[in-house]
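If you're matching positions, the sequence shown starts at 2 in this note's numbering and goes up one per residue.
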Amino acid sequence: MQLFALLVGVLSAATAVSADDAKTTTIGYFGADVFTVEIPRYDSTAASVAGINALATTYHIKCLDGAPKSDCQIATPWTMIQGESTFSLTGVYTYGTTATAAVTATRDINCAFSSYSVSASCSFSFAATGSWDATAYSTSTSSSTKNIPTESVTFYELEVTGGVDSFTAPAATKTPDAAAALPAAQPLITAAPIGAAAALAVAAMF
């Protein structure tokens, strides 16, 4: 169905943030096309750092203040976690702006891998309900896959406008509990999309 494809596809490119703004940066987040799904990137979204340590960084993604519903409909910030060996995204969003054409979708993605892209395994679930063309609409799906080829992994870009100072704070190098130490979390300066090998090369610069 065309609506389903709309919901799980790219809605639009992410808003660019001025490079000369010292409080913004661009990070790379894990993406594998095995589910033909990626994060919907509205015209008016921004991420903030909600937590950080040497293993992973947690981001909250929401609409920019004052963004019209035609550009972004995220009532509760999404939670995204990106690390060297893990990626997850939990989020709810709405497509459509009228009483007879509005569908709310819930998506949950969890991936585990090594070195950002090697031997990736992911699970995915998606559910959507609402109405479209004055007709009730409901769908759901879930799937999982193992040993995703590295060449199938892509890193997409995401603008971070809140908590950027966290990347250089002491917490960014601290390992929680007794887990093995990993390189400190750092922003990945990327172009979207870029190949995994290129993303790793950029990461090695920090």
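Beta carbons: idealized from backbone N, C-alpha and C, even for Gly. Keep in mind that this is a model prediction, so the values were computed, not measured.
Asked	Found
Asp109, enclosing beta strand (DSSP E) - first and last residue	Ala102 to Ser115
N- and C-terminal bounds of the beta strand (DSSP E) containing Asn148	Thr136 to Ile149
Beta strand (DSSP E) runs contained entirely in the stretch 62-95, provided each spans 3 or more residues	79-84
Residue of Thr46, Ser153 and Gln74 minimising C-alpha distance to Ala121	Ser153
Reduced DSSP category for Thr174 - H, G, I as helix; E, B as strand; rest coil	helix
Three-state class that DSSP yields for Thr25 in the structure shown	coil
For Ser45, the three-state DSSP class (helix, strand or coil)	coil
Phe168 vs Val50 beta-carbon contact at 9 Å	yes
Paired residues, beta bridge with Val1 - DSSP	Any property of residue 1 remains undetermined from this structure, which presents the chain solely from 2 to 207.
Straight-line gap, Gly92 to Thr80 (C-alpha atoms, nearest Å)	7 Å
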